[in-house]
Amino acid sequence: MMPSKLKKDKIWAMRKIITRPNYAVIELLLQKSPISTRELYAILEKKFTRKTLIISLRDLSIELNIIQPTHIRTEKGFSFGYNINPKIKEIIRSVQKDSKIIEDLNSKEK
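Adding 2 to a residue's 1-based position in the sequence shown gives its number in our numbering.
Here is the structure:
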């Protein structure tokens with residue numbers, strides 16, 4: 003969580019998106035969307051604490067609007083889950099592509 007006293011620069015939102023827990027949630031949603039909150043916790047609980055995941059979901063949904071809450075139909079009725087914002091999918095794919103280009107440049111120099 004970013005302290006409110008820190009000044010936000012031009013890329014603060016991108017920096018926040020690519021933190022390890024936030025990016026793990028986004029990457030999971032790129033693979034399977036929508037996903038229930040319970041399923042998301044079950045998959046990522048080995049890498050992050052529940053508190054960290056709760057903070058990530060709050061930041062990604064409320065502060066950044068990267069993921070959108072939704073209702074998911076289950077055998078027992080409805081459950082709460084998340085979808086990735088369609089506008090963000092292209093941005094994330096572009097960041098992944100750019101990262102690969104940077105990795106390739108780095109490996110060629112060695």
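Cβ atoms here follow ideal geometry from the backbone N, Cα and C, with glycine treated the same way.
6 Å Cβ shell around residue i - same chain, five flanking residues per side excluded
| i | result |
| --- | --- |
| residue 80 | 73 |
Beta carbon of residue i nearer than 8 Å to that of residue j
| i | j | result |
| --- | --- | --- |
| residue 66 | residue 18 | yes |
| residue 62 | residue 68 | yes |
| residue 35 | residue 108 | no |
| residue 104 | residue 28 | no |
| residue 87 | residue 70 | yes |
8 Å contact criterion, which residue i and residue j should meet: CB distance rounded
| i | j | result |
| --- | --- | --- |
| residue 46 | residue 37 | With a Cβ gap of about 10 Å, residue 46 and residue 37 do not count as contacting. |
| residue 51 | residue 83 | Residue 51 to residue 83, Cβ: 20 Å. No contact. |
Residue i in three-state terms, based on DSSP
| i | result |
| --- | --- |
| residue 23 | helix |
| residue 35 | coil |
Beta-carbon proximity list for residue i, same chain, < 8 Å, skipping 5 on both sides
| i | result |
| --- | --- |
| residue 15 | 66 |
Same chain only: Cβ atoms within 7 Å of residue i, ignoring 5 sequence neighbours per side
| i | result |
| --- | --- |
| residue 54 | 23 |
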